[in-house]
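Throughout, the working numbering is defined as the position within the sequence shown, counted from one, plus 2.
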Amino acid sequence: MSNDSGTSRQDWIAQPGQPLRGSVRVPGDKSVSHRAIMLAALAEGSTRISGFLEGEDTRATARVFEQLGVRIETPSASERIVHGVGLHGLRAGSGALDCGNAGTGMRLLAGVLAGQAFDSLLVGDASLSKRPMRRVIDPLAKMGAVIASEEGGLPPLRIQGGAPLQGIDYTLPVASAQVKSALLLAGLYAQGDTVVREPHPTRDYTERMLAAFGWPIEFSPGFARLQGGHRLQAADVAVPADFSSAAFFLVAASIIPGSELRLEAVGMNPRRTGLLTALRRMGADIREENASEQGGEPVADLVVRHAQLHGIEVGGDLAPDMIDEFPALFVAAACAQGNTTIRDAAELRVKESDRIATMAQGLRSLGIEVEEHPDGATIVPGPIGPGEVDSHGDHRIAMSFAVAAQRASGQVRILDVANVATSFPGFDALATGSGIWLVQSR
Ligand code: S3P
């Protein structure tokens, strides 16, 4: 059987295991890995990327650049050497450029490809083919790009080459690092200034990495400005461990009595660590140790111990800082004392699945009461029962229910989990190694 991605269908069976113990190092950051490939490809000289995420999403991005004429070596797992071709060195690839499951890949590539002299066709899997692209098409068109989509602004995207781009001053209607990044990347090829303003600050990896590659850029939370016509110089990138992957373990150790787990050298960019703030407000016991810097990014060990959580209200500026961590927060909320209400998170409806609906449906089938709101949900905690939940091919939903099952009164079958490999290859081995009970059922 196939799932939304066309990969072979896999399910998990999960049930309570042991308290989480020991030390875990999660794989490299997905957002940083995508950007490292892209900027290294457009730079002059060779870039060594260490800590690269060997996930399907980031590998798809690397394959796209190989198709566009960039030589990329893999000296060892999680390492890449990218032989940059310079800003104008990409060549038309033969056939469609396949972004797989990756919204980040497709949206950022739309910005890069809008500035090329050749035509491109960007495609994705069934899930990506349902995700909104107007948010990048419309502002890129304002810059002069010519991009055709399917009806409703859906992929595939047909990008016409050779259109001269002009910088714009654009205020994003929704906080989105992907849209901001697409515009900044197109801005490299534009005449004049490109300015992006955000309603809430989002992750700033594109800005930081452009600066590290020598491109003059001015930025502060919620604001970025650059000018076309400069050059990118190769600069080695050390990718920190992905906070979004660590998030499942933070919640698991918090809700499983007797747990004490160390997560090593996790990326602590403040635009990513909103879940830490939320969990601490819920009463979680999480210590930061060995704080240092890796490749210009703050990293720290996180030592998490079981604690009784209590319900909170989450929204406002915190929402973009934890946008990928809401599925895990739903699970923490289901195990807390008192209700949790999530607001200002309507973006969850257009992720790899409608994460509000998918989490609500899954938790309900395990006996937890959830009231959906257009921009969030209220979770009423209670005992978690056995049952079956459908992840809808969404990696973060699958991992969240593997965690929820550790507090269930019986077995939980989690359907359609193959896409976990898009962001967290080896999750099951790391999880079972630390105490989580999880098996593949086919
Ligand atoms: C990402 C930005 C976020 C996030 C996604 C990765 C990025 O999306 O959900 O997983 O790397 O820029 P939006 O910017 O669309 O909110």
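Ideal Cβ positions, reconstructed from N, Cα and C, are used throughout, including at glycine.
Residues in its own chain within less than 7 Å of H90 by CB, not counting five upstream and five downstream? Numbered from 1 along the sequence shown, position 88 holds the residue referred to as residue 90. Here the set comprises nothing.
Would A249 and I438 qualify as a contact pair, given that the criterion is a beta-carbon distance under 8 Å? For this step, residue 249 is matched to residue 247 along the sequence shown. For this step, residue 438 is matched to residue 436 along the sequence shown. Contact flag unset, no.
Quick check: the Cα distance between R283 and P203, rounded to an integer number of angstroms? Here residue 283 refers to the residue found at position 281 of the sequence shown. Here residue 203 refers to the residue found at position 201 of the sequence shown. Counting only the Cα atoms, P203 lies some 21 Å from R283.
In this structure, does DSSP put H36 in helix, strand or coil? Residue numbering aside, residue 36 sits at position 34 when the sequence shown is read from its first letter. H36: helix per DSSP, three-state reduction.
Could you check which residue in E46, S183 and Q162 has the C-alpha nearest to that of T105? In the sequence shown, counting from the first residue as 1, residue 105 sits at position 103. Sequence inspection shows Gly at residue 105; the Thr mentioned does not correspond to that position. Nearest C-alpha to G105: S183.
Let me check understanding here. Comparing Cα to Cα, which of D303, F120 and R233 lies closest to G24? Stepping through the sequence shown from its first residue, residue 24 is reached at position 22. Residue nearest to G24 within the set D303, F120 and R233 is D303 (criterion: CA-CA distance).
Identify the residues that DSSP records as bridge partners of G378: which are they? Looking up residue 378 in the sequence shown gives position 376. For G378, which the question treats as bridged, DSSP gives the partners H375.
Whole beta strand (DSSP E) runs in the segment 195-227 with 3 or more residues, listed along the chain? Counting only runs of 3 or more, we get 195-199 and 219-222.
Can you round the beta-carbon distance between Q296 and P385 to whole angstroms, since I take them to be within the 8 Å contact cut? What you label residue 296 is simply residue 294 of the sequence shown in a count that begins at 1. What you label residue 385 is simply residue 383 of the sequence shown in a count that begins at 1. Contact between Q296 and P385 does not hold, since their C-beta atoms are separated by about 41 Å, which reaches or exceeds 8 Å.
Can you tell me whether H397 sits near the ligand S3P, meaning its C-beta is under 7 Å from at least one heavy atom of the ligand? The residue given as residue 397 occupies position 395 in the sequence shown. False, no ligand heavy atom lies under 7 Å from that Cβ.
Which one or two residues does DSSP pair with Y172 in a beta bridge? As a first step, residue 172 must be located in the sequence shown, where it is residue number 170. Secondary-structure assignment with DSSP links Y172 through a beta bridge to V198.
Given a cut-off of 8 Å on the beta-carbon distance, is the pair L92 and M108 in contact? On the sequence shown, residue 92 is found 90 positions in, with the first residue counted as 1. On the sequence shown, residue 108 is found 106 positions in, with the first residue counted as 1. The criterion of a C-beta distance shorter than 8 Å is not satisfied by L92 and M108.
With a floor of 4 residues, list each alpha helix (DSSP H) that falls wholly inside the segment 224-276, ordered by position along the chain. Taking only runs of at least 4 residues, the alpha helix (DSSP H) segments lying wholly in the segment 224-276 are 245-257.
Helix, strand or coil at N5 [DSSP, three-state]: As a working note, residue 5 is residue 3 in the sequence shown. Model confidence at N5 stands at a pLDDT of 47, short of 50, so the residue's coordinates are unreliable and nothing is read from them.
Taking 8 Å as the CB-CB cut-off, is D287 touching chain C? The structure shown contains no chain C; it holds only a single protein chain.
Buried or exposed: E441, going by 16 or more other Cβ atoms within 10 Å of its Cβ? Translated into positions along the sequence shown, residue 441 becomes position 439. What sits at residue 441 in the sequence shown is Val, not Glu. With fewer than 16 Cβ atoms within 10 Å of its Cβ, V441 is classed as exposed.
Apply the 10 Å Cβ neighbour rule to N271 and answer buried if 16 or more other Cβ atoms are within range, or exposed otherwise. Here residue 271 refers to the residue found at position 269 of the sequence shown. That one is buried.
Just the Cα atoms here: how many angstroms apart are L185 and E354? Looking up residue 185 in the sequence shown gives position 183. Looking up residue 354 in the sequence shown gives position 352. Approximately 22 Å between the Cα atoms of the pair.
Any chance the segment 344-353 sits against the segment 363-374, with 3 or more Cβ pairs inside 8 Å? No, because fewer than three Cβ pairs between the segment 344-353 and the segment 363-374 fall closer than 8 Å, the two stretches do not touch.
Sequence ranges, beta strand (DSSP E) only - wholly within the segment 94-150, length at least 3: Qualifying beta strand (DSSP E) stretches, in chain order: 122-125.
Any idea if N103 is buried or exposed, counting beta-carbon neighbours within 10 angstroms, 16 or more meaning buried? By one-based count along the sequence shown, residue 103 stands at place 101. Flag for N103 reads buried.
Could you tell me the distance, in whole angstroms, from the CA atom of H308 to the CA atom of A406? Sequence index remark: in the sequence shown, residue 308 carries index 306 (1-based). Sequence index remark: in the sequence shown, residue 406 carries index 404 (1-based). Roughly 14 Å between the two C-alpha positions.
Pull up the CB-CB distance for L41 and L234, whole angstroms please, since I reckon it's below 8 Å. For the purposes of this step, residue 41 is taken as the residue at position 39 of the sequence shown. For the purposes of this step, residue 234 is taken as the residue at position 232 of the sequence shown. Confirmed, about 6 Å.
Is it the case that the Cβ atoms of I445 and A379 are separated by a distance below 8 Å? This structure cannot settle anything about residue 445, because the visible part of the chain is limited to 3 through 444.
I51, DSSP secondary structure in three states: Here residue 51 is taken as the residue at index 49 of the sequence shown, counted from 1. Of the three classes helix, strand and coil, the one that applies to I51 here is strand, per DSSP.
Are there 16 or more other CB atoms within 10 angstroms of the CB of E327, so buried, or fewer, so exposed? The residue you call residue 327 lines up with position 325 of the sequence shown. Taking all protein chains in view, the Cβ of E327 is crowded by 16 or more other Cβ atoms within 10 Å, so the residue is classified as buried.
Unbroken alpha helix (DSSP H) run spanning V352, endpoints: Position 350 of the sequence shown holds residue 352. Premise fails: V352 is in no alpha helix (DSSP H) and is neither H nor E.
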